[in-house]
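As numbered in my numbering, residues 67 to 398 make up the sequence shown, in order.
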Amino acid sequence: MRLVGFKRFFAVSVVNKATSFQQGYRASILHPPFAKWSSSLHIRFSSDGSTDLPPPNEELKEALTRIGIQDKLEPLSDLGYYGWNPTGSYNPLSSVTAEDIRQMIDFTRKPKTILDVQALRATLPRKLSFLEPFLVENLFPFGQHSIASLYVATNHKGVDPKSVNFMFGSYSLFLLATGELQDDGEKFIVMRIPSTGILFVSRYKAYTNNLSAHGHQFERFLLGTSPEPPYDHSEAENLQLMKIGNSTVLISGEVDAVDCNGTPTEVKLGNKQQSMKTLSQMISSASLQLCRGNVRFWQRRGRKKLRDIKRIEFERLEDFATREMTSLNWSG
C-alpha cells in the first residue's frame, strides 16, 4: 500500500476532536484519548521567538549529507535527552493526568553505556538462554507515552509550539519515507494538540513485548548486566527538530545505548541486512552506528548461539541508504 509523499500523507482534516485522512486508502484512525489531559500540560509559548535553541547534531547532519538526503531531512536543533520512568500499573489513556506524565519524566537521565565490543567478542560464541517469558503490554505507562516528548520540548527545552507543524517518532518517519502501511488494519493516532497548531501523528498498535526474548538478552549482554529481565523499565529518549519538506517536525526516538565515546547506538540481533525501518529508527534517535549481533540457530536443538558482534558505522550504511532513500518522494 503506497502513499504519495509528505504533503499528501499529511492531508488531514481536523474538525473538533475528530481527525480523518482525506485519502483513498484504508487506514484506521483512532479518536485520540489524549484530549482530556493534553490541554492541561500547560505548554509554554515563546511568542517573541527570543529563545535560543541548541544547534543541530552536526554528525547526523553530515551523515545525511553523505547519503544525499540533506535536502529532504535537515536537522535544525538537537534538544538532547530525557528519561521516561514508568511506574505503577497499566492505565487507560482516558484516565491519565498531566501530573502522571510529569512524575515519570526524568530530566537527568542519559542512555545506558555498552561495554567495549572487542572485549565482548572475546567471550563468544555463547548460548542465548531460554528464559521464562516476561511480558509487558504496550499500554500506558509502558507504552503510548510519546506525547510526553512535546511537554519536555516546550516546557523544558525552549521550543515554541507555534513554530512546530508536526510531531512524530521513528515509525511515522518510516511511513513517511516509504508510504507503506503494514496492513489494512494499521491504526494511527492523528490529532491537533489543543492550543497549538501541531499535528501529532503516531502509530497505535496493541502488542506484547517479551523482555526475556533473545533481542533483549543481547542488549543486556552489551550492557554487562544479567540476562534476566530487569524490573527497571526506564528508557532514554532523544529529541530533535527537523525540517522535512517545508515543515518543522519535532521527532522523538528511543536511544538503545551509547558507546564509551557517548555515540548513540542502535542495537539489533539478527543476520538480516539493515532495513528502512532500522534506518528510520537511527535517524529519529540520532544514532550514528548500529551494533548488530549475528546468531546461529540449531533447529534440531532449538537453540540460538551468539556468534559475533558487528559495529556498523552510519557511513557503511551509505550504499543501502542511498539506494533506498534517495528514490523516495519525501516532499510530495
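We treat Cβ as the ideally placed atom computed from N, Cα and C, and that holds for glycine.
Between the Cα of Leu372 and the Cα atoms of Ser195, Glu320, Asp172, Thr274, which residue gives the shortest distance? For the set Ser195, Glu320, Asp172, Thr274, the Cα lying nearest the Cα of Leu372 is the one of Ser195.
Tell me the DSSP bridge mates of Gly319? Residue pairing by DSSP puts Gly319 in a beta bridge opposite Asn304.
Val202: first and last residue of the uninterrupted beta strand (DSSP E) it sits in: According to the DSSP assignment, Val202 belongs to the beta strand (DSSP E) that extends over 201-203.
Alpha carbon of Pro98 to alpha carbon of Val267, nearest angstrom: Low confidence applies to Pro98: its pLDDT is 48, below 50, so where it sits in the model is not reliable enough to give any reading.
DSSP has Thr274 in a bridge; who is on the other side? Beta-bridge partners assigned by DSSP to Thr274: Glu203.
Counting pairs of beta carbons, one from the region 175-194 and one from the region 227-238, are three or more of them closer than 8 angstroms? Short answer: they don't touch.
Start and end residues, beta strand (DSSP E) containing Met257: According to the DSSP assignment, Met257 belongs to the beta strand (DSSP E) that extends over 253-258.
Return the first residue and the last residue of the beta strand (DSSP E) that Leu190 is part of. Here Leu190 belongs to no beta strand (DSSP E), and DSSP marks it neither H nor E.
Does the CB of Ile171 have a neighbour CB from chain D at under 8 angstroms? Given the protein chain composition of this structure (a single chain), no chain D is represented.
Buried or exposed (CB count within 10 angstroms, at least 16 for buried), Glu203: Classification for Glu203: exposed.
Per DSSP, which one or two residues make a beta bridge with Gly149? DSSP output for Gly149 lists Asp172, Ala302 as bridge partner(s).
Does the count of Cβ pairs from the region 154-162 and the region 344-352 closer than 8 angstroms reach three? Using a Cβ-Cβ distance cut-off of 8 angstroms, the region 154-162 and the region 344-352 are not in contact, since fewer than three pairs of beta carbons, one from each stretch, lie closer than that value.
With the cut-off set at 8 angstroms, would you say Phe232 and Ile264 are in Cβ contact? Result yes, Cβ atoms of Phe232 and Ile264 sit closer than 8 angstroms.
Between the CA atoms of Asn151 and Asp172 - distance to the nearest angstrom: Straight-line measurement puts the Cα of Asn151 at about 7 angstroms from the Cα of Asp172.
Along the chain, where does the beta strand (DSSP E) that runs through Lys371 open and close? Start and end: 369-379.
Going by alpha carbons, who is nearest to Pro295 out of Ala279, Asn221, Thr179, Ala323? Out of Ala279, Asn221, Thr179, Ala323, Ala279 has the C-alpha closest to the C-alpha of Pro295.
What would DSSP say about Glu332, mapped onto helix, strand or coil? DSSP places Glu332 within a strand segment (E or B) once states are collapsed to three.
Please identify the residue among Pro207, Thr314, Arg175, Pro141 whose C-alpha is closest to the C-alpha of Gly154. It is Pro207.
Among Gly290, Gly311, Leu316, the one whose alpha carbon lies nearest that of Ala323: The shortest C-alpha to C-alpha distance from Ala323 to any of Gly290, Gly311, Leu316 is the one to Gly290.
Below 8 angstroms between beta carbons: does that hold for Arg175 and Tyr147? Yes, they are a contact pair.
Does DSSP put Glu165 in a helix, a strand or coil? Glu165: helix per DSSP, three-state reduction.
DSSP three-state assignment for Glu140, whether helix, strand or coil: Strand, per DSSP.
Taking 8 angstroms as the threshold (C-beta atoms), are Leu316 and Ala219 in contact? In this structure, Ala219 places its C-beta atom within 8 angstroms of the C-beta atom of Leu316.
Could you tell me the distance, in whole angstroms, from the CA atom of Tyr297 to the CA atom of Lys178? Cα-Cα distance, rounded: 15 angstroms.
Proximity of Ser353 and Glu381 at Cβ, strictly below 8 angstroms: Cβ atoms of Ser353 and Glu381: not closer than 8 angstroms.
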